[in-house]
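All letters in the sequence shown, in the order written, are residues 856 to 1174 by our numbering.
Accompanying notes for the structure given below.
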Amino acid sequence: MNRIWTILFGLLAFSAHAQDAIYPNKPIRLIVGYAPGGATDIVARSIATKLQETLGQTVIVENRAGAGSNIASEFVARSTPDGYTLLLGTIANATNMTAYKNLGYDTMRDFIHITQTMTAPSVLALHPSVPAKNLREFVALAKQNPGKMAFSSSGSGGSPHLAGELLKLRANIDLIHVPYKGAAPAMSDLLGGQVQMSFQTALSAIPHLKSGKLNVIAVASKKRMGTLPHVPTMAEAGIADFEVSSWNGLFAPAKTPPHIVNALYNATIKAINTQDIRDKMEAQGAEPVGSSPEEFKAFVKAEIDKWEQVIIKSGARMD
């Protein structure tokens, strides 16, 4: 009798292993920490469609907005590591490591970093009333008027806020931070002249640049953007080592089996390399990436370390 039970348990274990080896064999959830319609959500839905085609299973985008994307991140970190619950993480997964004292997850410990999907460099935009044609003139103007010039952001702790804090530190200038509840009102008051400057995505800034409602004086990336070829980088404009980009990438819970990680990596790279996905990203002022898991992990660690210093020095904590 004991032998029969041993055989049965062995068969059940073999069956479970076989089911695990055949991945995927049921729908996959791709969790997004922001509301539908935003930049991260748009990328998630574009990639989900391509993953579905490659993997042969439905990929459902699920929005769990709130707490600076921490609700979604903690949910995925605590999910079963079987490849069926994934996270499209963002720069918030780096900045929140310092901005929040009591996170329910650790970005380096609790996730496997599969690949960075895209990056969208920030641009420094000024209201036309600011009498500065370039970054050096703006810095000089700010030094002449300490504490009198303001910059808007989509909220405390986000990349536009931290970009402004980084500029204050690197240029040794005193600017007032004015946080808003979202990118739209932050842009609205910049256009209205209630604030003098803001770090914005190229996608949101370019239409207003063309209409003359904004001046874009620098791009916070290593190289110039194809959509703004005449706008210098921050380094070219006078401030070295100044890179600020909104980015996202695919994460899985820690301990997800290597063969599943490999399958997700290959499928995601294939998706990123399709022309329509690249066109959609570039239309948003973003650049496709497609890094290896090792490269993505190193990139996230560098982002955590970089923003830790800015957050500590500026006091931009969230709790």
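All C-beta atoms, glycine included, are put in the ideal place defined by N, C-alpha and C.
With a cut-off of 8 Å on the beta carbons, I'd call residue i and residue j a contact; round off their distance for me.
{"i": "residue 950", "j": "residue 1037", "result": "That belief does not hold up - the Cβ atoms of residue 950 and residue 1037 are roughly 17 Å apart, past 8 Å."}
{"i": "residue 915", "j": "residue 891", "result": "In fact, because the Cβ distance is near 13 Å, the residues do not count as touching under 8 Å."}
{"i": "residue 943", "j": "residue 898", "result": "7 Å"}
{"i": "residue 989", "j": "residue 1072", "result": "6 Å"}
{"i": "residue 1171", "j": "residue 1017", "result": "6 Å"}
{"i": "residue 1074", "j": "residue 1026", "result": "The pair is not a contact, with the Cβ atoms about 16 Å apart (cut-off 8 Å)."}
{"i": "residue 1053", "j": "residue 945", "result": "About 19 Å; that fails the 8 Å criterion."}
{"i": "residue 1090", "j": "residue 1097", "result": "7 Å"}
{"i": "residue 1173", "j": "residue 954", "result": "5 Å"}
Once DSSP output is grouped into helix, strand and coil, what is the label at residue i?
{"i": "residue 915", "result": "strand"}
{"i": "residue 1098", "result": "coil"}
{"i": "residue 1165", "result": "helix"}
{"i": "residue 1027", "result": "coil"}
{"i": "residue 928", "result": "helix"}
{"i": "residue 923", "result": "helix"}
{"i": "residue 1139", "result": "coil"}
{"i": "residue 1005", "result": "strand"}
{"i": "residue 1089", "result": "helix"}
{"i": "residue 1015", "result": "helix"}
{"i": "residue 1047", "result": "helix"}
{"i": "residue 1040", "result": "helix"}
{"i": "residue 883", "result": "strand"}
{"i": "residue 1034", "result": "strand"}
{"i": "residue 958", "result": "coil"}
{"i": "residue 1171", "result": "coil"}
{"i": "residue 935", "result": "coil"}
{"i": "residue 1158", "result": "helix"}
{"i": "residue 973", "result": "strand"}
{"i": "residue 987", "result": "coil"}
{"i": "residue 1112", "result": "coil"}
{"i": "residue 963", "result": "coil"}
{"i": "residue 1147", "result": "coil"}
{"i": "residue 1120", "result": "helix"}
{"i": "residue 870", "result": "Residue confidence is low: residue 870 scores 45 on pLDDT, short of 50, so the model does not pin down where it sits. Its coordinate-derived value is still stated next. Looking at residue 870 - three-state DSSP - the assignment turns out to be helix."}
{"i": "residue 1132", "result": "helix"}
{"i": "residue 951", "result": "helix"}
If you measure between the beta carbons of residue i and residue j, is that distance less than 8 Å?
{"i": "residue 1033", "j": "residue 1005", "result": "yes"}
{"i": "residue 1132", "j": "residue 886", "result": "no"}
{"i": "residue 1105", "j": "residue 970", "result": "yes"}
{"i": "residue 1099", "j": "residue 1021", "result": "yes"}
{"i": "residue 1057", "j": "residue 965", "result": "no"}
{"i": "residue 1000", "j": "residue 959", "result": "no"}
{"i": "residue 1035", "j": "residue 1008", "result": "yes"}
{"i": "residue 1067", "j": "residue 1143", "result": "no"}
{"i": "residue 1126", "j": "residue 913", "result": "no"}
{"i": "residue 963", "j": "residue 1161", "result": "no"}
{"i": "residue 973", "j": "residue 1103", "result": "yes"}
{"i": "residue 1019", "j": "residue 1030", "result": "yes"}
{"i": "residue 920", "j": "residue 1141", "result": "no"}
{"i": "residue 980", "j": "residue 1083", "result": "no"}
{"i": "residue 888", "j": "residue 927", "result": "yes"}
{"i": "residue 997", "j": "residue 1028", "result": "yes"}
{"i": "residue 1002", "j": "residue 1111", "result": "no"}
{"i": "residue 905", "j": "residue 1129", "result": "yes"}
{"i": "residue 1147", "j": "residue 1154", "result": "no"}
{"i": "residue 1059", "j": "residue 1042", "result": "yes"}
{"i": "residue 1177", "j": "residue 878", "result": "In the structure as shown, the chain starts at 856 and stops at 1174, and residue 1177 therefore has no counterpart that could be examined."}
{"i": "residue 940", "j": "residue 884", "result": "yes"}
{"i": "residue 1122", "j": "residue 991", "result": "no"}
{"i": "residue 918", "j": "residue 896", "result": "yes"}
Taking the DSSP output, what are the residues bridged to residue i?
{"i": "residue 968", "result": "1106"}
{"i": "residue 1071", "result": "980"}
{"i": "residue 1053", "result": "980 and 1007"}
{"i": "residue 1022", "result": "Answer by DSSP bridge pairing: none, since residue 1022 is not bridged."}
{"i": "residue 1063", "result": "Residue 1063 is not bridged to any residue."}
{"i": "residue 1240", "result": "The structure shown does not extend to residue 1240, since the chain is modelled only from 856 through 1174, so no value can be given for it."}
{"i": "residue 895", "result": "None, per the DSSP bridge assignment."}
{"i": "residue 942", "result": "886 and 1106"}
I want to check one thing, is the minimum distance from the CB of residue i to the heavy atoms of the ligand ADP below 7 Å?
{"i": "residue 899", "result": "The ligand ADP is absent from the structure shown, which contains no ligands of any kind."}
What does the Cβ neighbour count give for residue i, buried or exposed, with the cut at 16 atoms within 10 Å?
{"i": "residue 870", "result": "Caution applies to residue 870, whose pLDDT of 45 falls short of 50 and renders its modelled position unreliable; the value that the coordinates give is listed next. With fewer than 16 Cβ atoms within 10 Å of its Cβ, residue 870 is classed as exposed."}
{"i": "residue 868", "result": "The predicted position of residue 868 is uncertain, since its pLDDT is 47 and thus under 50; a value taken from the coordinates is nonetheless stated next. So residue 868 ends up on the exposed side."}
{"i": "residue 1051", "result": "buried"}
{"i": "residue 967", "result": "buried"}
{"i": "residue 1024", "result": "exposed"}
{"i": "residue 1114", "result": "exposed"}
{"i": "residue 1158", "result": "buried"}
{"i": "residue 1152", "result": "buried"}
{"i": "residue 1167", "result": "exposed"}
{"i": "residue 1040", "result": "exposed"}
{"i": "residue 1062", "result": "exposed"}
{"i": "residue 1049", "result": "exposed"}
{"i": "residue 1164", "result": "exposed"}
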